[in-house]
Amino acid sequence: MAAMTHMAVGLAAKRIAPKTPVILLILAAYVIDMIWGVFYYFGIESMADGTTTNPWSHGLFMSLVWSALVGGIVFWVSHKNRRAGWIAGLLVFSHWVIDFISHPMLFAFLNDTGLSLLFDGSPTVGLGLWRTELGMNIGEYGMLVAGVIIYALTLWKIRREKKAVELENRRE
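Counting from 1, position 22 in the sequence shown corresponds to residue 15 in our numbering; the numbering is continuous, with no gaps.
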């Protein structure tokens, strides 16, 4: 359940990237978890003993690296569209920001110590909103509702503008 906030950010990002398919915005917000899945599969990172300290995917330093990498790839693939690159990079980094707010997630992971700043053995940080079930539910559902509302309002605005253009074209 601790992933609804990332989806919410992807949905809300439609407001600043109206021409980008929403699935790509959501995927950008999940890139760090996708990297974690690959690292988990190959044994690079783990969830041993109820911990979630995974510095190679979720640490601050590596989150900045992944954000820059994805932003650069999107910039290159989009034929040097700086805006697209920045939005993609910021969506990837939003994952770390949300995890910083939520970790340590003691409600879900009993031995969670927070997010690594650098690599194994470095200090860990986190505000710990997800320490309790109530905090987790408020954070997850609150963010999801906000993301859905922003997305719905953005779609409404896009459709309204499209209809206005169609009406203008008919008059000419």
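Beta carbons are placed, not taken as given, at the ideal position from N, Cα and C, and that holds for glycine.
What does Val118 pair with, by DSSP beta-bridge criteria?
Val118 pairs with Leu108.
My guess is that Phe32 and Trp59 are in contact by the Cβ rule of under 8 Å, so how many angstroms apart are they, rounded?
Not really, about 11 Å apart at Cβ, beyond 8 Å.
Below 8 Å on the Cβ atoms is my guess for Arg75 versus Phe68; work out the distance and round it to an integer in Å.
Yes, Arg75 and Phe68 are in contact; Cβ-Cβ is about 6 Å, under 8 Å.
Cβ of Pro97 less than 7 Å from any chain C Cβ?
In the displayed structure, chain C is absent; only one protein chain is listed.
Short check: CB of Ala6 to CB of Leu20, under 7 Å?
Judged by beta-carbon spacing, Leu20 lies beyond the 7 Å limit of Ala6, meaning their Cβ atoms are not closer than that value.
Any contact of the region 146 to 159 with the region 116 to 129, i.e. 3+ C-beta pairs under 8 Å?
By the Cβ rule, the region 146 to 159 does not count as touching the region 116 to 129, because fewer than three pairs are nearer than 8 Å.
Compare the Cα-Cα distances from Ala81 to each of Ser95, Val90, Leu62, Pro97 and report the closest residue.
Selected option, being the one with the closest Cα: Leu62.
Presumed contact (8 Å Cβ cut-off) between His(-1) and His72, rounded CB distance:
With a Cβ gap of about 28 Å, His(-1) and His72 do not count as contacting.
So for Phe189, helix, strand or coil by DSSP?
Since the first and last residues shown for the chain are -6 and 165, residue 189 lies out of range.
Measuring alpha carbon to alpha carbon, tell me which of Glu161, Gly140, Ala145, Leu148 ends up nearest Ala22.
Selection Glu161, Gly140, Ala145, Leu148 evaluated against Ala22 yields Gly140 as nearest (Cα-Cα).
Are the CB atoms of Gly52 and Gly64 within a distance shorter than 7 Å?
Not in contact: Gly64 and Gly52 (Cβ atoms no closer than 7 Å).
Comparing C-alpha positions only, which one of Val90, Val24, Ile94, Gly107 sits nearest to Ile66?
Nearest neighbour of Ile66 by Cα position, chosen from Val90, Val24, Ile94, Gly107, turns out to be Val24.
To which residues of the same chain is Leu4 closer than 8 Å at the C-beta, ignoring the five residues directly before and after it?
Excluding sequence neighbours, Leu4 sits near Val15, Leu18, Ile19, Gly140, Val141, Ile143, Tyr144.
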